[in-house]
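Working notes for the structure below.
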Amino acid sequence: MLLLAVLALVAAACGSDASTDDADGDAGSTDTEATESASDDSSSSDDGDTDTAEAAAGLEGTLRVMIHQNPPMVEWVESFNADFEAANPGVTIDLSVIDAADLPTANQTRLSAGDVDVTTVTVTGFANPVQPYMTDVEPPYWQQLIDAGLLMDLSGQDFVGNYDDAAIAEGGSYDGGVYSLNLGRVSYSGMFVNLDLLGEVGVDVPTTWGELVAACDTVKGAGYECMTAGGADGWPIFVGAYGLLGSLYPDQEGLVEGLWTGEAAWNDEQGQKLFERYEVYANEMLEDQAAGLGHDAAIERYKAGDVAFAPTGNWQAGVMEPAADSDLTPAEFEWTYIPFPGSDNAADNQILFGKYDQGWAVAEGTPVEDLAMAYLAAFSDPDTYNDFANTVNFLPTQPTATLDNTLGRAVAPLLQEGAFTVGYEQWFIGPAGAGQWANAGQGALWFYNGDFADAAEAADQAQADFEAGLGG
Amino acid sequence: MTAQQRTLFGAGRRRFIPWLLLAPGVGFYLVMAVGPSIATAFYSFTDATGLRGLPINWVGFDNYNEFAFEGARSRDNLDAVQRTLLFMVLVTVLQFGVGLLMAILVNQRLKGSLVFRTLFFVPVILGAVVQGLMWKLFLRPGGGPMDTIYGWLGLESQFLAGPSAFYWVVLVQIWANAGFTMVVFLAGMQTIPAELNEAAAVDGATGWQLFKNVTWPQLTPAVNTNFLLNIIGSLQAWMLFLVLTGFTNSTKVLGYVVYAEGFGQQGTSSFRQGYAAAASIVLFLLVLVLGMAANFVVTRRERKYLG
């Protein structure tokens, strides 16, 4: 069966051209003569609802849209789609919601088959570009999609100008073209802090690693839990520790380059410290129950109020403080979001590391190109985008948008100081032949899963696996 | 052509009728099984990505070389192969035993045996995702049913998130498929003439002697079928690993490596379907060699018992 599965996809991809240019295909078609940019004539309701999905002249057809699972975002997109359909009676939006982990596969197959028009191409912007100091590495899959001619160049579209230059350049450009419209930055180097609980046990918000360790001891001594995360999904464990990595290596891009050039090592003094703290985080700070919680369930569990910290991405703020018309319930305690205090130096714990999150891309050769462009134009309307960013809690990539909520107030001072940096794992590519332990950004999970019990052993293994790819 | 064959296939144009009737099935088999298998072997020598529009280049044995010999990656792959073999041994032996035991139990003329027969078979029809979801809930640390039982015994475990995760997947695999093993054994048991058991009983055979000298030899076809199916099924198993343990280095089996490499599931990696095809050919060879060896053993056994 496995052979069949692999083969079927290769054959589908390499078979006949299966042109998607045919507007009479089953994807639906559009007779649109011209599409007007909705960004110029959009309107907005007083409550900031998503009714800015302005009608563009004569649009009709079915637009196949694919996004990944993120409860607040899915709710918002469904509402936006309904408004867009209402404003364009001839239009139907066929929305697919898939797990984020399945995005590569879904994009690979559906773009190759011409089965999607507008898609979330990645949830990491255009991360992991091949750098000059890297040799013999495979390009990231988003680059493969573009090289294969499967994504449309959005350069020149009016709505592209609604986004800030950095987002366009770093989050969606490649080889002179704009292939993805990045919808927001997210930080995953921080953690939610239950201020009510800390107040009850008489602990200040920690600003250093030592304070965090002491806070956990106090919290647990009072019968509460220190931290929770989505251990059942695995990846939330190491993503929760990205802040720890970041605070010990403020120059995240430099760390990756250092590993490649030999100027840094996972088992040098700083690396050893990283692994020792991973071990404490995974084995002592996280509650036992975390192993049974998925990513989405973990933040719901955190909302119960008896856990002090939840190290995770700021996108979870949309679950902590959902939009007024959401089915989700808000946390019933006062909270904030702070950078993970993993360093002994408080100044190193004031940086938000993160990534460019999802970006819209349009399938090259889509039979409903005008409709796709109108959809992105409507989405990119500043008022609509502002509502989106506030609902989903993305750090905005449109300069006119601001987060007007608890998260926004928590991170605004950090962002004003320019303290948002693209994180380590957005730069890291392991050399070909590197072992499965080479990416120590995932080291916290190794302790959590019991793969290693000793920090020094894990650090040595990580470095050995990385060097194995370098021919060391 | 023998006279018998001429009779079977008829004479004149009628002799083509059997071939015409076979043609759809043979054609389907060639298109859906043989063709893709040969093509996978071909792609294993290329850098195919699975993306329409990217060229496919011939890379010779590079994919195999990388799989088996390059850097620490080859060690990880070897670990996955070893893990796959361990999984095969554990599942084959234990599932065989559990399935046989269940078949013996439900083959008794006892009240309710039909109900248990159905209950034992139900997991087989659920599918890996449902099976995985059920067991993830059952093995949930922090208050899940198994965690509660462990608590009563003064034990602790992280179950699927801990170092014992691999063995929990073995358990789930057996739970999921033992019902099928049971059905095959049951079918075999029900073909054993009752007279044989009755005659042996009249001669004073004990229950164990009945099983050893009558039931077991007569079960030879079922034993052999289960043996081969368990080996092949466990070598190919990977979905339960994905559903139950997800992204975990220490539980990767070869089938999961194929999936992860071919479909961009290795974190930030690329689509590498040529490499995945090479890994799947390795898996195929593993299944082929072990399957043929097992077939040789069971064929000899069948000749010994049944002539």
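Protein sequence lines correspond, in order, to chains A and B.
All residue numbers for the first sequence refer to numbering that gives the first Met the number 0, where the first residue is 0 and numbers rise by one.
All residue numbers for the second sequence refer to numbering that gives the first Met the number 0, where the first residue is 0 and numbers rise by one.
Glycine is no exception: its CB is placed at the ideal position from the N, C-alpha and C atoms.
Query                                                                                                                                 : Result
Interface residues of the stretch 134-161 of chain A facing chain B [CB-CB below 7 angstroms]                                         : Glu-137, Pro-138, Pro-139, Tyr-140, Gln-143, Leu-144, Asp-146, Ala-147, Gly-148, Leu-149
Span of the alpha helix (DSSP H) around Asn-134/B                                                                                     : Here residue 134/B turns out to be Trp, not Asn, going by the sequence shown. Note, Trp-134/B: alpha helix (DSSP H), 127-137.
Beta-carbon neighbours of Gly-161/B, restricted to chain A and to distances below 8 angstroms                                         : Ala-290, Asn-448, Gly-449
Euclidean distance between Cα positions of Gln-397/A and Ala-376/A                                                                    : 13 angstroms
Burial state of Thr-227/A (16 or more Cβ within 10 Å)                                                                                 : buried
Alpha-carbon to alpha-carbon, Phe-226/B and Gly-209/A                                                                                 : 58 angstroms
Bridge partners - Ser-477/A, DSSP secondary structure assignment                                                                      : No information on residue 477/A is available, as it lies outside the stretch 0 to 471 that chain A covers here.
For Ala-458/A and Gly-270/A, believed in contact at Cβ under 8 angstroms, the rounded distance                                        : 5 angstroms
Where Trp-237/B sits in the DSSP three-state scheme                                                                                   : coil
Alpha carbon of Phe-378/A to alpha carbon of Gln-81/B, nearest angstrom                                                               : 51 angstroms
Uninterrupted beta strand (DSSP E) stretches inside the stretch 103-139 of chain A (no shorter than 3 residues)                       : 117-119
Inter-residue CB distance, Ser-279/B and Val-257/B (contact presumed, cutoff 8 angstroms)                                             : 5 angstroms
Closest Cα partner of Pro-138/A within the set Gln-435/A, Gln-288/A, Ala-431/A                                                        : Ala-431/A
Buried or exposed by the 16-neighbour rule on C-beta atoms within 10 Å, applied to Pro-131/A                                          : exposed
Inter-residue spacing [alpha-carbon to alpha-carbon] between Ala-293/B and Leu-85/B                                                   : 16 angstroms
Neighbourhood of Asp-174/A by C-beta, 8 angstroms cutoff - its chain only, sequence neighbours within 5 removed                       : Ile-145
Nearest-angstrom Cα separation, counted from Asp-305/A out to Asn-282/A                                                               : 19 angstroms
Leu-194/A versus Thr-104/A: straight-line alpha-carbon distance, rounded                                                              : 41 angstroms
Short Cβ contact (8 angstroms threshold) for Gln-272/B with Thr-180/B                                                                 : no
CB of Leu-150/A within 8 angstroms of CB of Pro-340/A, strictly                                                                       : no
Alpha-carbon spacing of Leu-62/A relative to Gly-232/B, whole angstroms                                                               : 41 angstroms
Test: Gly-24/A CB closer than 8 angstroms to a CB of chain B                                                                          : Note that Gly-24/A scores a pLDDT of 33, beneath 50, so its modelled location is shaky; the value from the coordinates is reported in the next line. Cβ-Cβ to chain B under 8 angstroms: no for Gly-24/A.
Cut-off 6 angstroms between Cβ atoms - residues of its own chain near Thr-217/A, not counting five sequence neighbours on either side : Val-200, Val-202
Endpoints, the alpha helix (DSSP H) within which Thr-298/B is located                                                                 : 272-305
Interface flag, Gln-107/A vs chain B, CB-CB below 8 angstroms                                                                         : yes
Closer than 7 angstroms: Leu-29/B CB and nearest the ligand ATP heavy atom                                                            : Absence of the ligand ATP is noted for the structure shown, with no ligands found whatsoever.
Within 8 angstroms, strictly: CB atoms of Gly-245/A and Tyr-423/A                                                                     : yes
Thr-48/B: contacting residues in chain C (beta-carbon distance under 7 angstroms)                                                     : Of the protein chains in this structure, namely A and B, none is chain C.
Minimum Cβ-Cβ distance from Asp-464/A to chain B less than 8 angstroms                                                                : yes
Cα-Cα separation, Ala-236/B to Gly-245/B                                                                                              : 14 angstroms
Proximal residues of chain A, C-beta to C-beta of Ala-71/B below 9 angstroms                                                          : Gly-432, Ala-433, Gly-434, Gln-435, Trp-436, Ala-437, Ala-463, Asp-464, Phe-465, Glu-466, Ala-467, Gly-468
Min CB distance Thr-267/B to chain A below 8 angstroms                                                                                : The pLDDT assigned to Thr-267/B is 49, lower than 50, so where the model puts this residue is not dependable; a value taken from the coordinates is nonetheless given after this. Yes, Thr-267/B counts as interfacial toward chain A.
Any C-beta of chain B under 8 angstroms from that of Gly-317/A                                                                        : no
6 angstroms Cβ shell around Glu-333/A - same chain, five flanking residues per side excluded                                          : Leu-194, Asp-195
Reference Asp-61/B; option with closest CA among Ser-73/B, Leu-50/B, Arg-51/B                                                         : Ser-73/B
Reduced DSSP category for Ile-337/A - H, G, I as helix; E, B as strand; rest coil                                                     : strand
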